[in-house]
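In what follows, a single structure is set out as structure tokens and then discussed.
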Amino acid sequence: MNAPLKIAMPAEAAEAPKGYKLLIDGKHVDARDGRTIARNSPGHGFTVSHYAQAGEAEVEAAVLAAHRAFETGPWPRMKAAERAAILLKAADLIGGRLEEIARLDALESGKPIAQARGEIGGAVDIWRYAASLARTLHGETYANLGDAMLGVVLREPIGVVSIITPWNFPFLIVSQKLPFALAAGCTAVVKPSEMTSASTFVLGDILMQAGLPAGVVNILAGLGTDVGAPMVSHPLVEMVSFTGSTRVGKMTMASAAQSLKKVSMELGGKNGQIVFQDADLEAAADAAVFGGFFNAGECCNAGSRLIVHEAIADDFLSTVKALTARVTVGDPLDDQTKVGAMISSDHLAKVAGYVAAAATEGSSIYSGGKQLASNIGQYLDPTIIRGVTEDMAIAREEVFGPVLSVLTFESIEKALHIANNTPYGLSAGVWSASIDTCMSVARGVRSGTVWVNTFMEGYPELPFGGYKQSGLGRELGKRAVEDYTEEKTIQFHRGQRTGWWVG
Ligand code: NAD
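For reference, each letter of the sequence shown is one residue, going 1 to 503 in this note's numbering.
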């Protein structure tokens, strides 16, 4: 029996919770009906923040402000160099407030502070990358259409974009969307998760300070049904960029289809990490633990299915188990913590329910499996489940907790079959010393990203997104700004028109 976790109360617990107002048309405003949302730290149990809670009236005001800023404001009309300068200034300001933002994300989401710092540092890099793309965005010309015709294809900003984000990487995910929409010249209404809105409000302040004109970015806290849904259906919104669950993503697409809005969907995952006998097993074991338990498994890219060659399964898993025992679970604000708190007690109960059901379906808990006793906060032991078969819920559904399901294979064909036997297709990993094996798996897996002898690295230069029910479209990469544009074809004719239609 482990000793109960001792969670220390941070200095913030003794202070009044921070209050955040909505950002609409460059002004900080309360909700018209005065409602607020309180967010408690899932790791410490005290109230971290209050946000003004938007409803349909605030969505209307925010969309109108974004529409005005798009139709008549300077943002879409200014030189890309000027937009890039503001994005670069924002990147610097984010960097200057890195510790504050990381602490807010750690307190509101329960993620470890050291990891949160890495995410905000990564976000700074993404804002800089988006600034560079603002300046390289361009269309095409066709001078090969005959002497009298010049074809010009423009890339124009698509218009008002609704950006809806989840709770698991609050600052990082808005940074995978917003700077690219801004680089293109779009305006936006942004809704962070109702559980982790604070860092997005800080971003709003930073953007105003960086010189973004009023109305270009509007930020609303609120519930999905009250705020997210009207942000999707609003007739003046041209595009919806959504990251969240596949379930809500489908509802969002169905609603957006009513007005044929463009959608970009980054959804759930059930990713396989495939380990062959000839791999660097020490490195693979460390990556298996990282893939399974990073961000407490509350990660779209979690390598939640460990698919191991039968011949090495016993030895490999005992290494994985030994490493798992060394994973420090506990206070999100402790620099040494690797696995922090679960986002909410409801979510913890859901994850625990998957573990309990797996045990009754015939698999066995090889390691962990318990809620950890603590003086405060909600923590789950990193859990490894052996004897999982492809038909079990734990092998097919996104558990979104620190739970690694182990399946075994005897042939590369079987490994690929297991990896692909899921409605999701976000990412996968393969570990082998053989280039043939790695290439066969990398080509055979139906997912948007495959890591070969590494796991869960990310670079702004590389596109990210899902096959199958993991999403639609790609974020990041050199075409990320193009996603927020429309193409306009202009045909310039010179001289007397030839080939009259009538007469
Ligand atoms: P969620 O789908 O419950 O919520 C996501 C966002 O949608 C929140 O802001 C929520 O308030 C809003 N929302 C809820 N109902 C809505 C509605 N009817 N209309 C419009 N918006 C609505 O997801 P979550 O629990 O916040 O996040 C976890 C999920 O996100 C997981 O499935 C995870 O895999 C996924 N995710 C995917 C990626 C990716 O890049 N593919 C990244 C992170 C998280």
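Beta carbons are placed, not taken as given, at the ideal position from N, Cα and C, and that holds for glycine. Quick caveat, the model's predicted, so the values are computed rather than measured.
- Pairing V248 with A283, the inter-Cα distance amounts to about 36 Å.
- For N421, same chain residues with a beta-carbon under 7 Å away, outside a window of 5 residues either side, are E390 in chain order.
- Cβ neighbours of F316 within its own chain (closer than 7 Å, five residues either side excluded): V275, L281, A285 and V308.
- According to DSSP, residue pairing for L150 in a beta bridge involves F492.
- Taken atom to atom, the span from the alpha-carbon of H347 to that of S264 is near 26 Å.
- Taken in chain order, the complete beta strand (DSSP E) segments of 3 residues or longer contained in the stretch 160-186 are 160-164.
- In this structure, F400 has its CB closer than 8 Å to one or more heavy atoms of the ligand NAD.
- Counting along the chain, F293 sits inside the alpha helix (DSSP H) bounded by residues L281 to F293.
- Rounded to the nearest whole angstrom, the CA to CA distance from M342 to S193 is 15 Å.
- The residues W431 and S432, in chain order, have a CB closer than 6 Å to that of A279 in the same chain once the five nearest residues on each side in sequence are set aside.
- A distance criterion of 8 Å places the beta-carbon of L220 beyond contact range of the ligand NAD, judged by its closest non-hydrogen atom.
- Distance from the CA of E82 to the CA of L182, rounded to the nearest whole angstrom, comes to 11 Å.
- Burial is judged here by how many other beta carbons sit within 10 angstroms of a residue's own beta carbon; P230 has at least 16 and is buried.
- Setting aside the 5 residues that flank it on each side, L333 is surrounded in the same chain by P10, A106 and I113, each with a C-beta closer than 7 Å to its C-beta; the list follows chain order.
- Sixteen is the threshold: since fewer than 16 other Cβ atoms of the shown chains lie within 10 Å of the Cβ of T141, the residue is exposed.
- R494 has its Cβ no nearer than 8 Å to any heavy atom of the ligand NAD.
- Taking every protein chain shown into account, the CB of R128 has 16 or more other CB atoms within 10 angstroms, so this residue is buried.
- In terms of Cβ geometry, F293 and P213 do not form a close pair [threshold 9 Å].
- H67 sits buried, since 16 or more C-beta atoms from the chains shown fall within 10 Å of its C-beta.
- One thing to note: Y51 has its Cβ within 9 Å of the Cβ of A198.
- Taking C-alpha positions only, A54 is separated from L22 by approximately 7 Å.
- For D125, same chain residues with a beta-carbon under 7 Å away, outside a window of 5 residues either side, are P460 in chain order.
- Between the alpha carbons of F46 and E475 lies a gap of roughly 35 Å.
- A direct Cα-to-Cα measurement between I173 and V160 gives close to 19 Å.
- In the DSSP assignment, E194 forms no beta bridge with any residue.
- Taking C-beta separations shorter than 6 Å and ignoring five residues to either side along the sequence, the partners of L98 in its chain run I120, following chain order.
- In its chain, beyond the 5 residues on either side, G362, S363 and S364 have a beta carbon closer than 7 Å to the beta carbon of G387.
- Exclusion of the five residues before and after L150 leaves T141, Y142, A143, Q491, F492 and R494 as the residues of its chain whose Cβ lies within less than 8 Å of its Cβ.
- Closer than 8 Å to some heavy atom of the ligand NAD: that does not describe the Cβ of P42.
- Assignment of alpha helix (DSSP H) within the stretch 433-476, counting only whole runs of 4 or more residues, yields 435-444 in chain order.
- About 4 Å separates the Cβ atoms of R117 and A102, confirming a contact at the 8 Å cut-off.
- Judged by their CB atoms, K270 and R305 are nearer to each other than the 9 Å cut-off.
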